[in-house]
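What the sequence shown shows, in the numbering used here, is residues 205 to 621, in sequence order.
Ideal placement from N, C-alpha and C gives every residue a C-beta, glycine not left out.
Bear in mind the structure is a predicted one, so any value in this text is a computation, not a measurement.
Below is one structure, written out as structure tokens; the observations come after it.
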Amino acid sequence: MAPLIPRSTLAGAIGNTVEWFDFAVYGYFAKEIGEAFFPADVPSLQLLSAFAVFAVGYLMRPVGGLLLGPIGDLVGRRALLLVSVAVMAACSLGIALLPPTSAWGSSSAVLLVLLRLLQGLSVGGEFTGSVVALVEAAPPQRRGLTASFASAGAVLGFVGGSLAAALIHLWLTPPAVMQWGWRIPFVVGAALGIWALSLRTHLEETRLEAPSAGLAAHLAELRAQLPAMLRLMAAVALSAVSFYAATVFAVQEVSARLPALAASFNAITTLNQAIGVGLILLGGHLADRGAAVALARRLNLVLAVGVLPGMLLIAAGTPLAFAVGQLIVLVPLMLYLGVYPSLLPGLFPAAQRCSAFSFSYSLVVALVGGTLPLVATWLEASLGLTQGPALYCLIWAVPSLLAYSQLERHLLPDWRA
């Protein structure tokens with residue numbers, strides 16, 4: 205009897221689960237980690253903490269795409285996926301075992317920052333590398349569903365991290381969580397990473413074209429892909445900023461305004477994202493049924509229309525309005541996250557696919573996600589516009605819709621409908 209999920213698909217997607225599991229865990233235990241490594245009585249360490257959050261979240265993703273992407277093109281997709289998941293697993297274990305500042309002094313904080321920087325670097329190649337490997341290995345008639353497992357794995361990791369945090373807080377006393385309980389999920393993340401590494405050692409290589417004669421020649425050839433890279437950045441801009449706005453920024457904002465309901469808002473977000481895993485796979489299935497470009501364009505249009513009322517409901521501050529508003533944004537968004545992994549790699553020839561896809565995708569996520577809080581705050585403070593996040597999403601809807609109006613003619617022939 206064939207497995208429900210083919211081993212090769214599971215091996216390609218599971219690194220994203222590990223990546224987002226760690227991301228969620230780090231966020232949910234930020235208070236405990238801050239107490240352990242960045243005590244409030246050491247101002248320089250507080251500054252270091254802020255820098256770490258910024259660097260890992262935004263700066264290191266495009267750097268990782270630029271550094272790791274060429275491994276996928278010059279050495280092989282399998283090598284890229286092995287490197288990225290090995291780095292993630294090692295960093296998770298390192299964080300779990302790292303002594304607090306009270307034992308090692310400021311060296312502990314510095315090492316934590318370095319570990320998070322390395323994790324951020326691996327993220328820059330993991331998602332895009334897995335998408336490329338999955339889409340190249342899949343038969344054309346199942347390319348959409350197969351590639352959608354990369355996005356589904358990422359969201360599943362976030363749901364798993366949220367669940368792990370909830371269970372830790374349920375089973376342990378607050379002092380135990382503060383002292384050692386927060387380390388348990390990082391051990392789990394390391395174990396998942398080791399499992400992913402064992403699965404990936406058996407992956408077949410999918411790179412079909414011979415690599416360039418060295419890194420310099422490869423980077424020179426990569427310049428020719430700049431127009432396609434800009435098209436990809438435009439195509440995913442709306443989805444990238446909408447995901448961050450609806451599941452991170454808005455949740456933090458409404459929770460800070462209504463702290464008594466913060467646990468409810470986080471639980472609703474976790475449940476909605478769990479629903480989103482199924483929607484992502486559905487989107488991949490629909491992409492296999494034909495006219496994937498048209499489907500992606502319509503989903504972006506629905507998302508652009510729904511983001512303003514959805515964000516208004518999220519900001520209303522009641523659990524019901526929050527849940528409904530978030531679903532208005534997440535339903536078209538999650539469906540789209542299932543569609544585009546089977547489309548956008550087709551903008552690039554195989555010899556430059558990992559490098560071009562990894563760098564451009566990581567850069568646009570860094571740019572639109574990283575600037576959302578700043579722009580939203582400026583819109584409210586300077587112009588009196590209280591719906592800064594929604595308006596910022598609408599700004600990025602323009603290039604996304606324009607990109608899809610011309611996308612099909614820029615795809616490689618075997619990627620067209």
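Two segments are said to touch when three or more pairs of C-beta atoms, one from each, lie closer than 8 Å; by this definition the segment 292-308 does not touch the segment 502-511. Judged by their CB atoms, A215 and L360 are not nearer to each other than the 8 Å cut-off. By alpha-carbon distance to H489, the top candidate from I388, S459, F353 is F353. If you draw a straight line from the Cα of L551 to the Cα of W399, it comes to about 32 Å.
If you draw a straight line from the Cα of R427 to the Cα of Q610, it is about 21 Å long. Counting only residues of its own chain and dropping the five nearest sequence neighbours on each side, G385 has a CB closer than 7 Å to the CB of I372, L376. If you ignore the 5 residues before and after L263, its C-beta comes within less than 8 Å of the C-beta of G324, A570, all in its own chain and listed in chain order.
Between the C-alpha atoms of P617 and Q456 there is a straight-line separation of about 44 Å.
Spatial neighbours of C295 in its own chain (CB-CB distance under 6 Å, excluding positions within 5 residues in sequence) are listed in chain order as L319, L322, Q323. In the three-state reduction of the DSSP assignment, D492 falls in the helix class, which pools H, G and I. Judged by pairs of C-beta atoms under 8 Å, the segment 326-336 touches the segment 276-290, as three or more such pairs exist.
The beta-carbon distance between S212 and L407, rounded to whole angstroms, is 6 Å. This is short enough to meet the 8 Å contact definition. Excluding sequence positions up to five before and after A525, its CB lies within less than 6 Å of the CB of L517, all in the same chain and listed in chain order.
Contact check between the segment 527-547 and the segment 491-499: three or more CB pairs, one atom from each, fall below 8 Å, which counts as touching. Excluding the 5 residues flanking it on each side, V506 has same chain C-beta neighbours closer than 6 Å at P536, in chain order. Within the segment 285-333, the complete alpha helix (DSSP H) segments of 4 residues or longer fall at 305-308, listed in chain order. For S306, the closest alpha carbon among the candidates V291, A240, S326, A358 is that of A240. Contact check for L583 against L595 passes: the beta carbons are separated by less than 8 Å.
Proximity to L396 across A601, A217, A454 peaks at A217, based on C-alpha coordinates. In this structure, DSSP gives F552 a state outside helix and strand, which the three-state scheme calls coil. The beta-carbon distance between N470 and L534, rounded to whole angstroms, is 15 Å. This is too long to meet the 8 Å contact definition. Comparing alpha-carbon positions, the option among M433, S326, V363, Q345 lying closest to A607 turns out to be M433. Bounds of the alpha helix (DSSP H) holding T221 are 211-232.
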